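Chains as they are written, first to last, in the numbering used here: chain A, 1238 to 1544; chain B, 1238 to 1544.
Beta carbons are placed, not taken as given, at the ideal position from N, Cα and C, and that holds for glycine.
Please read all numbers here as calculations on a predicted model, not as lab measurements.
(1) Count the C-beta pairs between the stretch 1379 to 1387 of chain B and the stretch 1260 to 1279 of chain B that are closer than 8 Å, then say yes if the count reaches three, no if not.
(2) Please list, in chain order, the residues of the stretch 1304 to 1318 of chain A that have any C-beta partner in chain B closer than 9 Å.
(3) As a quick exercise: from A:1287, A:1321, A:1382, A:1319, pick the residue whose alpha carbon is nearest that of residue 1305 of chain A.
(4) Considering only C-alpha positions, which residue in the set A:1481, A:1358, A:1526, A:1434 is nearest to residue 1246 of chain A?
(5) Ignore the nearest five residues each way along the sequence and tell me which others in residue 1392 of chain B's own chain have a CB closer than 7 Å to its CB.
(6) Distance check for residue 1360 of chain A and residue 1285 of chain A, CA to CA, integer angstroms please.
(7) Between the Cα of residue 1397 of chain A and those of A:1407, A:1382, A:1494, A:1406, spot the shortest distance and give me the residue it belongs to.
(8) Find out if the Cβ-Cβ distance for the pair residue 1352 of chain A, residue 1477 of chain A is shorter than 9 Å.
(9) Kindly list the residues whose CB is nearer than 6 Å to the CB of residue 1485 of chain B, restricted to its own chain and excluding five residues on each side of it in sequence; keep chain order.
(10) Report, in whole angstroms, the separation of the C-beta atoms of residue 1249 of chain A and residue 1470 of chain A, which I expect to be a contact under 8 Å.
(11) Between residue 1516 of chain A and residue 1498 of chain A, which are expected to be in contact by the criterion C-beta below 8 Å, what is the C-beta distance as a whole number of angstroms?
(12) Can you tell me which of the three DSSP states residue 1480 of chain B falls into?
(13) Where do the ends of the beta strand (DSSP E) carrying residue 1323 of chain B lie?
(14) What beta strand (DSSP E) runs, 3 residues minimum, are completely inside the stretch 1332 to 1416 of chain A?
(15) Relative to the C-alpha of residue 1317 of chain B, which candidate in B:1403, B:1374, B:1330 has its C-alpha closest?
(16) Could you check which residue in B:1500, B:1506, B:1473, B:1463 has the C-alpha nearest to that of residue 1252 of chain B?
(17) Which residues does DSSP pair with residue 1540 of chain B in a beta bridge?
(18) Run through DSSP, which three-state label would residue 1283 of chain A get?
(19) Could you tell me whether the Cβ atoms of residue 1530 of chain A and residue 1260 of chain A are closer together than 9 Å?
(20) I need the straight-line Cα distance from residue 1337 of chain A to residue 1520 of chain B, nearest angstrom please.
(21) Can you pull out the residues from the stretch 1506 to 1531 of chain B whose beta carbon lies closer than 9 Å to at least one beta carbon of chain A?
(22) Given that a residue counts as buried once 16 or more other Cβ atoms are within 10 Å of its Cβ, and exposed if not, what is residue 1472 of chain A?
(23) To the nearest angstrom, how far is it from the Cα of residue 1513 of chain B to the Cα of residue 1444 of chain B?
(24) Can you grab the Cα-Cα spacing for the pair residue 1523 of chain A / residue 1417 of chain A, in whole Å?
(25) Would you kindly work out how many angstroms separate the C-alpha atoms of residue 1493 of chain B and residue 1437 of chain B, rounded to a whole number?
(26) Look at the alpha carbon of residue 1455 of chain B and the alpha carbon of residue 1340 of chain A, and state the distance between them as a whole number of angstroms.
(27) In terms of alpha-carbon separation, which member of B:1319, B:1292, B:1315, B:1366 lies closest to residue 1308 of chain B?
(28) Entirely within the stretch 1447 to 1532 of chain A and at least 3 residues each: give me those beta strand (DSSP E) ranges in chain order.
(29) Would you report the Cα separation of residue 1487 of chain B and residue 1335 of chain B, rounded to the nearest angstrom?
(30) Span of the beta strand (DSSP E) holding residue 1266 of chain A?
(31) Please classify residue 1238 of chain A: does DSSP put it in a helix, a strand, or coil?
(32) Can you give me the start and stop residues for the alpha helix (DSSP H) that residue 1207 of chain A sits inside?
(33) Quick one: using the 10 Å Cβ neighbour count with 16 as the cut-off for buried, is residue 1453 of chain A buried or exposed?
(34) How close, in whole Å, do the beta carbons of residue 1257 of chain A and residue 1241 of chain A come, if the pair is a contact with beta carbons under 8 Å?
(35) Roughly how many angstroms separate the alpha carbons of residue 1461 of chain B and residue 1482 of chain B, rounded to a whole number?
(36) Can you check DSSP and say which residues form a bridge with residue 1298 of chain A?
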């Protein structure tokens, strides 16, 4: 099966995938999604990036808020607070349905893959959403306040601690989820979404069989830079690059993916002096659906030019 | 410590306990609550009778509806339905907070007792609410459609199947929760709430150490009949008595508790011809708070007369 594969984290990546669905046949698109952010909270298995893909591609995402579901309500959280429960991770009433069903499914022996596929089917999502792995992988941050789980850092501490190192516990031992390697090996084009390279894309690359498939595939691999006008749209990318001692520019992004990507799509206002990969420009800020389709089209065009 | 102990199931029993709190010092009241209805649903540990006590005594019960919380909303359930999840057991958004916290606490190694006590304290409930046991006990019904878990019968099948026999799986091996035996042994008065004797009170009596404590205690034991004007106020009591071949009258109730109770409080419109226990009358229908206080007062008076 040929098609387009996107390696993606949450919000930014979901926008690119949504754009892609406007310009190619949705059934030919496979999103391979970071699960390094997954964690257990109050006994519930939460997969933030998978959820963002599911909500975004099914039209349920709260785009104004930037995360979670549209038309969300907060009665559960308010009752939880009243009981002294942990409320740093915001669980909406409707959002809870996904977490509860996923947790119950996993307890029954279903895999994250099959649960995700069932929800996607139920919600009429035609693209494939594959977790990178059904095995546990946890993004762990070595910070100036000690070792942190990803959600602790990202949500509870609002990315305030300085990060010295990042590791992906379990990645070395993890097998790609069913379909992941096949999708990469038979793809016409592989895109790396403008998700945080260090926190959202690296977990995928840390799984040996995924890294190998990306090295082996004949498909051109094009990354979309997360930098827009030299800044990150959202999240800790810029702050993190500083803490890791990296200049905040596309040369750093290109070098980070060196040996892996054949092309890098960057914002019209930015440049990149790395010469051994193809570079293309487009306005990469994705606000409207048209923006998303434009970025997807530009990434596909860059890949086609390499091919 | 002396005081009043109430053996209780859910709704009817909670009304008596609430009445009792109007007429004696709340800190002297201990409710020992049926947990035979407890079950796992979507991975959540649900304790329906404990919840009813907690909601009722903290003023959070939805009295119009007869179960659950006041001011409840249903966004979770509607999202769950949309995902094809099991929706036969109605889980409100606020109610979910209790189930999620309890389940997480149990997974951490806390007991049902300590979790219940923490919630009661948080909500300002001064009476003690003790689960009958921290061990798993499950009320199982032998019915004309096969063996049924209690909630399956009670909620999903609306008590429609005919019941031939009832057993309490695990009761023989169960230890009373901390404080249960002590409360019974040191009580001034033990009341059996007007809960269903076969489904809600028998699980407590099936735990050997509770049965022994009730036999050994010097406190008078008074049951409040669940029949009002020869009918049950709510639930399957009358239908079940028919299926078990019992006449629907207070003689059956008195005989069911024979050897255990010293007195039976019955409705003003009813009678009882059993002569080896003390009988008292009061209007036992509990609608207003005044009704509840009246029934509690009558039960205490009957016990005091025996004493």
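The relevant details are as follows:
(1) yes
(2) 1306, 1308, 1309, 1310, 1311, 1312, 1313, 1314, 1315, 1316, 1317, 1318
(3) Taking the first residue of the first chain as position 1, residue 1305 of chain A is located at position 68. Minimum Cα distance to residue 1305 of chain A is reached at A:1287.
(4) By 1-based counting over the first chain, the position of residue 1246 of chain A is 9. The shortest Cα separation from residue 1246 of chain A among A:1481, A:1358, A:1526, A:1434 belongs to A:1434.
(5) Here the question's residue 1392 of chain B lines up with position 155 in the second chain. Answer for residue 1392 of chain B: 1325, 1326, listed in chain order.
(6) Counting from 1 along the first chain, the entry for residue 1285 of chain A is found at position 48. Counting from 1 along the first chain, the entry for residue 1360 of chain A is found at position 123. Spanning the two alpha carbons is a distance of roughly 17 Å.
(7) The residue given as residue 1397 of chain A occupies position 160 in the first chain. Comparing Cα-Cα distances from residue 1397 of chain A to each of A:1407, A:1382, A:1494, A:1406, the minimum goes to A:1382.
(8) Walking along the first chain from the start, residue 1352 of chain A turns up at place 115. Walking along the first chain from the start, residue 1477 of chain A turns up at place 240. The answer is no: Cβ separation not under 9 Å.
(9) Here residue 1485 of chain B refers to the residue found at position 248 when the second chain is read from its first residue. So the qualifying residues of the chain are 1475, 1478.
(10) Here residue 1249 of chain A corresponds to residue number 12 of the first chain, with the count starting at 1. Here residue 1470 of chain A corresponds to residue number 233 of the first chain, with the count starting at 1. About 6 Å; that satisfies the 8 Å criterion.
(11) As a working note, residue 1516 of chain A is residue 279 in the first chain. As a working note, residue 1498 of chain A is residue 261 in the first chain. That pair is no contact at about 11 Å.
(12) As a first step, residue 1480 of chain B is located in the second chain; it is residue number 243 there, counting from the start. Residue 1480 of chain B: helix per DSSP, three-state reduction.
(13) The residue you call residue 1323 of chain B lines up with position 86 of the second chain. Run containing residue 1323 of chain B: none; DSSP gives neither H nor E here.
(14) 1365 to 1368, 1375 to 1380, 1383 to 1386, 1400 to 1406
(15) Here residue 1317 of chain B refers to the residue found at position 80 when the second chain is read from its first residue. Residue B:1330 is the option with its Cα nearest to residue 1317 of chain B.
(16) Indexing the second chain from 1 puts residue 1252 of chain B at position 15. Nearest option by C-alpha distance: B:1463.
(17) Taking the first residue of the second chain as 1, we reach residue 1540 of chain B at position 303. Answer is none; residue 1540 of chain B lacks a bridge partner.
(18) Stepping through the first chain from its first residue, residue 1283 of chain A is reached at position 46. Reduced to three states, the DSSP call for residue 1283 of chain A is strand.
(19) As a working note, residue 1530 of chain A is residue 293 in the first chain. As a working note, residue 1260 of chain A is residue 23 in the first chain. Yes, they are a contact pair.
(20) For the purposes of this step, residue 1337 of chain A is identified with residue 100 of the first chain, where counting begins at 1. For the purposes of this step, residue 1520 of chain B is identified with residue 283 of the second chain, where counting begins at 1. In a straight line, the C-alpha of residue 1337 of chain A is about 45 Å away from that of residue 1520 of chain B.
(21) none
(22) Locating residue 1472 of chain A in the first chain gives position 235, where the first residue counts as 1. With 16 or more other Cβ atoms within 10 Å, it is buried.
(23) Counting from 1 along the second chain, the entry for residue 1513 of chain B is found at position 276. Counting from 1 along the second chain, the entry for residue 1444 of chain B is found at position 207. Distance between the alpha carbons of residue 1513 of chain B and residue 1444 of chain B is about 25 Å.
(24) Along the first chain, one-based indexing puts residue 1523 of chain A at 286. Along the first chain, one-based indexing puts residue 1417 of chain A at 180. The alpha-carbon atoms of residue 1523 of chain A and residue 1417 of chain A are separated by roughly 26 Å.
(25) Position 256 of the second chain, counting from 1, holds the residue named residue 1493 of chain B. Position 200 of the second chain, counting from 1, holds the residue named residue 1437 of chain B. So the alpha carbons of these two residues sit roughly 13 Å apart.
(26) Locating residue 1455 of chain B in the second chain gives position 218, counting from the first residue. Locating residue 1340 of chain A in the first chain gives position 103, counting from the first residue. C-alpha separation (whole angstroms): 49 Å.
(27) For the purposes of this step, residue 1308 of chain B is taken as residue 71 along the second chain, with counting starting at 1. Cα-wise, what sits closest to residue 1308 of chain B is B:1292.
(28) 1458 to 1461, 1500 to 1504, 1515 to 1519
(29) Numbered from its first residue, the second chain carries residue 1487 of chain B at position 250. Numbered from its first residue, the second chain carries residue 1335 of chain B at position 98. Their backbone Cα atoms lie some 37 Å apart in a straight line.
(30) By 1-based counting over the first chain, the position of residue 1266 of chain A is 29. Start and end: 1266 to 1270.
(31) Taking the first chain and counting its residues from 1, one reaches residue 1238 of chain A at position 1. Residue placement at residue 1238 of chain A cannot be trusted, given a pLDDT of 48 that sits under 50; the coordinates are not used to answer.
(32) Because chain A in this structure spans residues 1238 to 1544, residue 1207 of chain A falls outside the shown range and cannot be described.
(33) Residue 1453 of chain A sits at position 216 when you count from the first residue of the first chain. Burial call: exposed.
(34) By 1-based counting over the first chain, the position of residue 1257 of chain A is 20. By 1-based counting over the first chain, the position of residue 1241 of chain A is 4. Indeed, because the Cβ distance is near 6 Å, the residues count as touching under 8 Å.
(35) Indexing the second chain from 1 puts residue 1461 of chain B at position 224. Indexing the second chain from 1 puts residue 1482 of chain B at position 245. Rounded to whole angstroms, residue 1461 of chain B to residue 1482 of chain B spans 22 Å at the Cα level.
(36) For the purposes of this step, residue 1298 of chain A is identified with residue 61 of the first chain, where counting begins at 1. Paired residue(s): A:1306.
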